Amino acid sequence: MNKKILVLSVLFLFLIMGCGAKNQTAIGVMDPQYWKTQAIKDIIPFWEKTIDEDYGGFHTDVTYEGQVEAGSKLPRMNSRVVFGFAAAYMLSGDEKYLRFAEHGMKYLSDAGWDKENGGWYAFTDDYGGGDMGAKNMFDQTYGNLGPVFYYIVTGDKRALELVGRTHTLMNENAWDKKYGGYYTMVDNQWQNITTAKSFNAQLDTCTAYLIYYYLATGDENLLQDLVRLCDVIVEKMVDKKTGFVGESYTADWTGKETELWGGHNTKTGWVMMRMYYLTGNKEYLTAAQKIDSAQRKYMWDKKHGGWFFKFISTRPGSIDDSKDWWTQEEGNNLMLNMYYHSKDKK
620 MNKKILVLSV LFLFLIMGCG AKNQTAIGVM DPQYWKTQAI KDIIPFWEKT
670 IDEDYGGFHT DVTYEGQVEA GSKLPRMNSR VVFGFAAAYM LSGDEKYLRF
720 AEHGMKYLSD AGWDKENGGW YAFTDDYGGG DMGAKNMFDQ TYGNLGPVFY
770 YIVTGDKRAL ELVGRTHTLM NENAWDKKYG GYYTMVDNQW QNITTAKSFN
820 AQLDTCTAYL IYYYLATGDE NLLQDLVRLC DVIVEKMVDK KTGFVGESYT
870 ADWTGKETEL WGGHNTKTGW VMMRMYYLTG NKEYLTAAQK IDSAQRKYMW
920 DKKHGGWFFK FISTRPGSID DSKDWWTQEE GNNLMLNMYY HSKDKK
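Mind the numbering: the sequence shown is residues 620 to 965 in the working numbering, read in order.
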């Protein structure tokens with residue numbers, strides 16, 4: 620089961636890399652070769668243009684056409700690109716992708732990692748200087764994505780060590796021992812500066828690295844960390860009446876806003892499905908099905924197709940009908956997971 624989940628994860632997550640695929644149709648989408656071809660031919664070549672041969676890593680300020688613009692580098696984005704090249708190597712066996720991933724991993728370990736306090740910087744300059752501001756969990760979780768996949772394809776324990784150190788710092792300094800869940804951010808030295816909690820601090824811990832960290836190591840303690848977190852998500856974030864998933868919360872999990880993101884709701888659904896695959900716990904399946912039902916009812920564009928962007932939880936018929944690419948990816952990811960479970964072609 621773990622191997623199946625890992626392969627599905629690689630194929631689904633490739634859509635996160637950005638550029639839209641050419642000539643997408645419904646034909647062949649259940650054929651793994653369709654996704655492999657899309658990844659290797661349509662997505663990855665764009666990111667080869669971003670390699671910084673002078674200062675390391677990848678440029679993260681890039682135009683739609685692939686032109687690099689001056690600016691600081693984001694370790695979390697470099698980490699995503701490392702993931703992309705590592706996964707491209709996994710799918711194709713082409714050694715050049717492994718070299719590109721190694722190039723990015725060197726930047727992450729040399730410049731993206733805070734050697735004094737631990738954790739990932741939010742941004743760095745060309746000369747390897749990192750910012751000294753607060754550490755947001757969004758940066759920490761996605762900072763781990765590239766290294767954990769780099770370990771999967773290379774067995775390089777130095778990359779895995781950075782993932783483990785980040786995870787330990789998050790558990791020791793950002794986990795709320797009273798109410799559960801991760802705080803949104805800590806200061807540069809990992810001291811608490813807020814009791815606020817966010818969608819990203821919880822769900823992106825699962826999607827960016829923790830599921831793959833567990834699959835890569837088989838460490839049952841990591842599975843227990845996943846269960847602890849996902850139990851909080853089911854209990855505190857998934858509304859039992861509506862199936863809607865909130866964005867921001869107080870320390871005791873009181874919701875702070877009614878404008879919700881469709882893509883975050885469907886992302887929660889597929890995380891619940893993966894947890895069901897990993898544990899067999901039907902509470903996760905039930906949560907995923909409830910989210911799936913609500914999102915298909917309110918957020919699928921029945922006229923033109925595609926997933927709407929945002930909605931108001933108190934008036935779910937009131938929607939932002941724009942369509943971001945990542946919202947489509949998250950919706951498709953949930954649909955593929957639901958199909959994998961039910962074989963329902965709807």
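Built from N, CA and C at the ideal position, the CB exists for glycine as well. Keep in mind that this is a model prediction, so the values were computed, not measured.
- Bounds of the alpha helix (DSSP H) holding ASP758 are 756–762.
- In the same chain as TRP919, and ignoring 5 residues on each side of it, the C-beta atoms closer than 7 Å to its own belong to TRP926, in chain order.
- Sequence-distant Cβ neighbours of THR814 in its own chain, meaning closer than 6 Å and more than five residues away, are ALA870.
- Comparing C-alpha distances from LYS929 to each of SER912, ASP850, MET649 and THR877 shows the shortest one belongs to THR877.
- Less than 8 Å divides the Cβ of THR760 from the Cβ of ASP823.
- ASN792 and THR946 have their C-alpha atoms roughly 31 Å apart.
- Annotation for GLU878: no alpha helix (DSSP H) segment contains it, though the beta strand (DSSP E) segment containing it runs 878–880.
- In this structure, the straight-line span from the alpha carbon of TYR683 to that of TYR798 is close to 43 Å.
- Fully contained in the segment 814–882 are the following beta strand (DSSP E) runs of length 3 or more, in chain order: 878–880.
- CA-CA distance, ASN807 to GLY752, rounds to 6 Å.
- The alpha carbon of TYR769 has as its nearest neighbour, out of MET789, TYR801, PHE704 and ALA730, the alpha carbon of PHE704.
- Excluding its 5 nearest sequence neighbours in each direction, LYS816 has C-beta neighbours in its own chain below 8 Å: ASP795, GLY800, TYR801, TYR802, THR803, SER867, TYR868, THR869, ALA870 and TRP872, listed in chain order.
- Ranking TYR746, LEU904 and ALA907 by CA distance to the CA of GLY676 puts TYR746 first.
- Here TRP809 carries a coil assignment [DSSP, helix/strand/coil].
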